[in-house]
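Before any comments, here is the structure.
Protein chains: 2
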Amino acid sequence: MARPRVYLAGPDVFLRDPGAFAQRKKALCERYGFEGVFPLDGDLKPQGPDLRELGLAISRANEGLIRGCQLVIAQMTPFRGPSADVGTAYEMGFARACGLPVFAYSNVAEDFTTRTTAFVGTTHKRPDGHIEDGDQMQLEAFNLVDNLMLYGAIVASGGTLATSTSTPAERYTKLEAFEQCVAAAAKVFATGLP
Amino acid sequence: MARPRVYLAGPDVFLRDPGAFAQRKKALCERYGFEGVFPLDGDLKPQGPDLRELGLAISRANEGLIRGCQLVIAQMTPFRGPSADVGTAYEMGFARACGLPVFAYSNVAEDFTTRTTAFVGTTHKRPDGHIEDGDQMQLEAFNLVDNLMLYGAIVASGGTLATSTSTPAERYTKLEAFEQCVAAAAKVFATGLP
Chain A
1 MARPRVYLAG PDVFLRDPGA FAQRKKALCE RYGFEGVFPL DGDLKPQGPD LRELGLAISR
61 ANEGLIRGCQ LVIAQMTPFR GPSADVGTAY EMGFARACGL PVFAYSNVAE DFTTRTTAFV
121 GTTHKRPDGH IEDGDQMQLE AFNLVDNLML YGAIVASGGT LATSTSTPAE RYTKLEAFEQ
181 CVAAAAKVFA TGLP
Chain X
1001 MARPRVYLAG PDVFLRDPGA FAQRKKALCE RYGFEGVFPL DGDLKPQGPD LRELGLAISR
1061 ANEGLIRGCQ LVIAQMTPFR GPSADVGTAY EMGFARACGL PVFAYSNVAE DFTTRTTAFV
1121 GTTHKRPDGH IEDGDQMQLE AFNLVDNLML YGAIVASGGT LATSTSTPAE RYTKLEAFEQ
1181 CVAAAAKVFA TGLP
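Heads up: the protein sequence lines correspond to chains A and X, in order. Following the numbering used here, the numbering of the first sequence begins with 1 at its first residue and continues without gaps. Following the numbering used here, the numbering of the second sequence begins with 1001 at its first residue and continues without gaps.
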């Protein structure tokens, strides 16, 4: 029987050597009976020099890859701000609407409100008790890992969330919480365990 | 004939008076023959004091609202970092996978690479010519408005992007680019023009 295919969403594509990192993730997927599919695995036809066209081709290829997978494991580690990478958030929404279980991990264990408060610096309490930033925009305070749409996708789709702490050097490459997601997914899909 | 329903995605929900802002957007939608649907329009059953459960209920309600719409107009104005709000990015992906045209606007006209460079501060050129930040994570350089998945959704779905400049005070509330999206959508859907 074909192994379930896992789309490996995350800012991993921005690493210095994404191909090597993809191999580490794929090896873990294989141990648990899955086939890992990395964003760069798409079949990109030869592209001209137009950067916009190249960006669009990658976008189309990634959407096709997600449609060909049975689940997603997304790296939600905060990326250039208090929240996950927006490309990853987009792909979680895309996968969720396709009916795929969304598993996710973050290598930062602090909750979203704490991270956002630290990021925005100045906060102000509104008369109704809600907290807002210097732009008068409210901070979410639901005790979740990130924006409620992202967490909601994990819960509603039957996925799980794993978090771990990390040093700055291993922030985007630590795989402990990722492996917890793969193990949890293996139970859901009843694939081979190591 | 029922007017096409537009899901109004964006960080608008974090404004001091999101209900009043929703009314302004809905009035513009109506002028162009659409019915505007705001994230807070969901039918939330009475909730207990559990914040996590409330967050999950809002998530479920918003996904239901998107499924009941025929298009999305997303506010992609950068939010707490160089990119759009992640909840908005999630909803764009969700809508795209549901087959909805994704229209989007931003009240910041600078391109993504310029914004990200300013945000991360220190950048470094890799041997292959790509630019990375202090975390050794690459910066996208596709001359797009934001992450390529977000822009790709707009193009592939037949939507349009509109941008404008804004002062800090009107960053999240200026409606010029929003109205351009509504007008462009009216042409696609051939609804009544003003």
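Where is the CB? At the ideal position from N, CA and C, for every residue including glycine.
Residue span of the beta strand (DSSP E) that contains residue i, given as start and end
i: residue 1182 (chain X); result: Note, residue 1182 (chain X): premise wrong, no beta strand (DSSP E); alpha helix (DSSP H) at 1176-1189.
i: residue 35 (chain A); result: 35-37
i: residue 1105 (chain X); result: 1102-1106
i: residue 1170 (chain X); result: Neither: residue 1170 (chain X) is in no beta strand (DSSP E) and is coded neither H nor E.
i: residue 1133 (chain X); result: 1131-1133
Element boundaries [alpha helix (DSSP H), containing residue i]
i: residue 1163 (chain X); result: Taken as a continuous stretch (DSSP letters only), residue 1163 (chain X) belongs to no alpha helix (DSSP H), being part of the beta strand (DSSP E) at 1161-1163.
i: residue 5 (chain A); result: Careful: residue 5 (chain A) lies outside any alpha helix (DSSP H), inside the beta strand (DSSP E) at 5-9.
i: residue 155 (chain A); result: 148-156
i: residue 1140 (chain X); result: First-last for residue 1140 (chain X): undefined, no H or E at that position.
Residue i, DSSP secondary structure in three states
i: residue 45 (chain A); result: coil
i: residue 1123 (chain X); result: strand
i: residue 71 (chain A); result: strand
i: residue 17 (chain A); result: coil
i: residue 194 (chain A); result: Unreliable positioning characterises residue 194 (chain A) in this predicted model, as indicated by a pLDDT of 44, which lies under 50. The coordinate reading is nonetheless provided below. In the structure shown, residue 194 (chain A) sits in coil (DSSP, three-state: anything other than H, G, I, E or B).
i: residue 1112 (chain X); result: helix
i: residue 1002 (chain X); result: coil
i: residue 1012 (chain X); result: helix
i: residue 1099 (chain X); result: coil
i: residue 59 (chain A); result: helix
i: residue 1088 (chain X); result: helix
i: residue 94 (chain A); result: helix
i: residue 64 (chain A); result: helix
i: residue 52 (chain A); result: helix
i: residue 31 (chain A); result: helix
i: residue 77 (chain A); result: coil
i: residue 1144 (chain X); result: coil
Nearest residue (CA-CA) to residue i, options the options
i: residue 1060 (chain X); options: A:161, A:97, A:129, A:51; result: A:97
i: residue 1148 (chain X); options: A:7, A:13, A:20, A:136; result: A:13
i: residue 69 (chain A); options: A:125, A:45, A:8, A:77; result: A:8
i: residue 103 (chain A); options: A:48, A:83, A:114, A:163; result: A:163
i: residue 1153 (chain X); options: A:19, A:16, A:15, A:57; result: A:57
i: residue 79 (chain A); options: X:1116, X:1021, X:1039; result: X:1116
i: residue 65 (chain A); options: A:35, A:49, A:46, A:136; result: A:35
i: residue 1175 (chain X); options: X:1050, X:1077, X:1135; result: X:1077
i: residue 42 (chain A); options: A:49, A:29, A:19, A:52; result: A:19
i: residue 118 (chain A); options: A:88, A:100, A:83, A:127; result: A:83
i: residue 1062 (chain X); options: A:131, A:186, A:156, A:179; result: A:156
i: residue 27 (chain A); options: A:184, A:151, A:48, A:179; result: A:179
i: residue 1191 (chain X); options: X:1021, X:1048, X:1030; result: X:1030
i: residue 195 (chain A); options: A:140, A:51, A:126; result: There is no way to answer for residue 195 (chain A), as the model of chain A reaches only from 1 to 194.
i: residue 1051 (chain X); options: A:48, A:95, A:151; result: A:151
i: residue 67 (chain A); options: A:48, A:126, A:95; result: A:95
Contact under 8 Å by Cβ, residue i with residue j
i: residue 105 (chain A); j: residue 75 (chain A); result: yes
i: residue 958 (chain X); j: residue 1145 (chain X); result: Limits of chain X in this structure are 1001 at one end and 1194 at the other, which puts residue 958 (chain X) out of reach.
i: residue 91 (chain A); j: residue 1093 (chain X); result: yes
i: residue 1054 (chain X); j: residue 142 (chain A); result: yes
i: residue 158 (chain A); j: residue 188 (chain A); result: yes
i: residue 1171 (chain X); j: residue 1107 (chain X); result: yes
i: residue 37 (chain A); j: residue 3 (chain A); result: no
i: residue 173 (chain A); j: residue 15 (chain A); result: yes
i: residue 137 (chain A); j: residue 1168 (chain X); result: no
i: residue 1086 (chain X); j: residue 89 (chain A); result: yes
i: residue 1131 (chain X); j: residue 1122 (chain X); result: no
Nearest-angstrom beta carbon gap, residue j and residue i [assumed within contact, 8 Å]
i: residue 1081 (chain X); j: residue 81 (chain A); result: 3 Å
i: residue 72 (chain A); j: residue 100 (chain A); result: 5 Å
Residue-chain proximity (residue i, chain B), Cβ-Cβ < 8 Å
i: residue 74 (chain A); result: Within the model displayed, chain B is absent; protein chains A and X are what it includes.
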